[in-house]
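Q:
Numbering (our numbering), first residue to last: 21 to 376.
Structure, rendered in structure tokens:
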């Protein structure tokens, strides 16, 4: 079996669902169920003997060690992380605790488990660390895309904490020999994403007739990766990646934020027309967030060259699936929009006066 951390979050839950749809290999799913962790996402696995959910914190050394001792997983897929830049600006301590201390705790427990395995099982064991392209910093309009050898230049508390966790994973491989793999992905989108991130926030706000807040001039560029494609890439890296290596995972879809929002409005105009007119009327420019990186771009040639992986979805196909999923699942949306979520949105966007 495999141990998945953060498997009730957006990417982690998609991975668990995807894994068990394609394999009978059981999953131990460890998640602290913070605001972005959602058991409802895992409802299709209720009663499935292949899925063992454990409500717990990766910083809890005793719990993590017990899970290794009892279940003897052949691999760890480590998603668990605080992952929202805006939240890291308001409260960086939680990001250091989970992303740095939590990864350290997990690495040490994995090392103890791995070192005690029989020779054949030791050779087969893997620790796959899922990270982000934000560790590489910001690109200019004409700079080449991030490769795996790009120097780290994190610019937010979130990206700094993820960079630190990447360095720990690398060090545990080079110092102790722990068989690690690291993936650095671009912006994910798709079903079950918590509506604090750009795409689900815009969909949810548009359907509610609320303003669609765009930071700055809306020209911040990201590479967009459909979450199902990301799950496929992780499976390939886990199965065939070279030990100690990093693989960038991207969607080959660089787009400015404002273009993403216009695309969402056009799809909603088609799929759920509003009697008051195009949803684009709700677009509102607001004050930019501090330290907002201008552009990210992923060079994903290495994973294609070594493992034969390329994204199956174009942005056009992936975003249509995503919008349709949110239209088809209003109950899921309503259930995650708790009072705490509403308080967070009010807090984050308070004082961001509308720009002319």
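Glycine included, C-beta positions come from ideal geometry on N, C-alpha and C.
Values in this document were obtained by computation on a predicted structure and should not be read as measured data.
Using only alpha-carbon positions, find the residue among 300, 53, 253 that is nearest to residue 322.
A: Comparing Cα-Cα distances from residue 322 to each of 300, 53, 253, the minimum goes to 253.
Q: Following the continuous alpha helix (DSSP H) through residue 258, name the residue where it begins and the one where it ends.
A: In the DSSP assignment, residue 258 falls within the alpha helix (DSSP H) that extends over 247-260.
Q: According to DSSP, residue 305 sits in a beta bridge with which residue or residues?
A: 234
Q: In three-state terms, what does DSSP make of residue 21?
A: Coil, per DSSP.
Q: My guess is that residue 145 and residue 156 are in contact by the Cβ rule of under 8 angstroms, so how many angstroms apart are they, rounded?
A: Contact flag wrong, Cβ pair sits at about 28 angstroms.
Q: On the DSSP letters alone, give me the boundaries of the alpha helix (DSSP H) that residue 281 sits inside.
A: 277-291
Q: Whole angstroms are fine: how far does the CA of residue 70 sit from the CA of residue 258?
A: Looking at the two C-alpha atoms, the distance is approximately 19 angstroms.
Q: Based on Cα-Cα distance, which residue from 293, 41, 61 lies nearest to residue 28?
A: 61
Q: Look at the alpha carbon of residue 75 and the alpha carbon of residue 267, and state the distance between them as a whole number of angstroms.
A: 30 angstroms
Q: Give the single residue among 250, 126, 225, 240 whose Cα lies nearest to the Cα of residue 200.
A: 126
Q: Which residue marks the beginning of the beta strand (DSSP E) containing residue 147, and which one marks its end?
A: 146-152
Q: Give the list of continuous alpha helix (DSSP H) stretches no shorter than 4 residues that lie fully inside the stretch 328-362.
A: 335-348, 350-356
Q: Between which residues of its own chain and residue 340 is the CB-CB distance below 7 angstroms, once the five residues before and five after are set aside?
A: 287
Q: How big is the Cα-Cα spacing for residue 314 and residue 237?
A: A direct Cα-Cα distance of roughly 11 angstroms separates residue 314 from residue 237.
Q: How about residue 14 and residue 147: are their beta carbons less than 8 angstroms apart?
A: Beyond the ends of the chain as shown, which are 21 and 376, falls residue 14; an answer cannot be given.
Q: Under 6 angstroms Cβ to Cβ from residue 241, same chain only, skipping five residues before and after it: list those, please.
A: Counting only Cβ-Cβ distances below 6 angstroms, and skipping sequence neighbours, we find 274, 276, 315.
Q: According to DSSP, which residues form a beta bridge with residue 66?
A: DSSP output for residue 66 lists no bridge partner at all.
Q: Comparing C-alpha positions only, which one of 24, 38, 23, 26 sits nearest to residue 211?
A: Between residue 211 and the set 24, 38, 23, 26, the nearest pair of CA atoms involves 38.
Q: Beta strand (DSSP E) containing residue 208: first to last residue?
A: 207-209
Q: Suppose you measure from the CA of residue 305 to the CA of residue 229; what does that come to, to the nearest Å?
A: 16 angstroms
Q: Kindly indicate which three-state DSSP category residue 48 falls into: helix, strand or coil?
A: Residue 48 carries a strand assignment under DSSP once its states are collapsed to helix, strand and coil.
Q: For residue 73, does the three-state DSSP call read helix, strand or coil?
A: strand
Q: Please work out which residues of its chain come closer than 6 angstroms, Cβ to Cβ, to residue 324, disregarding the five sequence neighbours upstream and downstream, and give them in chain order.
A: 330
Q: Would you give the residue range spanned by the beta strand (DSSP E) that residue 116 belongs to?
A: Where residue 116 is concerned, there is no enclosing beta strand (DSSP E), given that its DSSP letter is neither H nor E.
Q: Please look up how many angstroms separate the CB atoms of residue 102 and residue 55, rounded, as I've assumed it's under 8 angstroms.
A: About 10 angstroms separates the two Cβ atoms, so there is no contact after all.
Q: If you drop the 5 nearest sequence neighbours on each side, which residues of the same chain put their C-beta closer than 8 angstroms to that of residue 351?
A: none
Q: With 16 as the cutoff for other CB atoms within 10 Å, does residue 98 come out buried or exposed?
A: The residue is buried, with at least 16 neighbouring Cβ atoms inside 10 Å.
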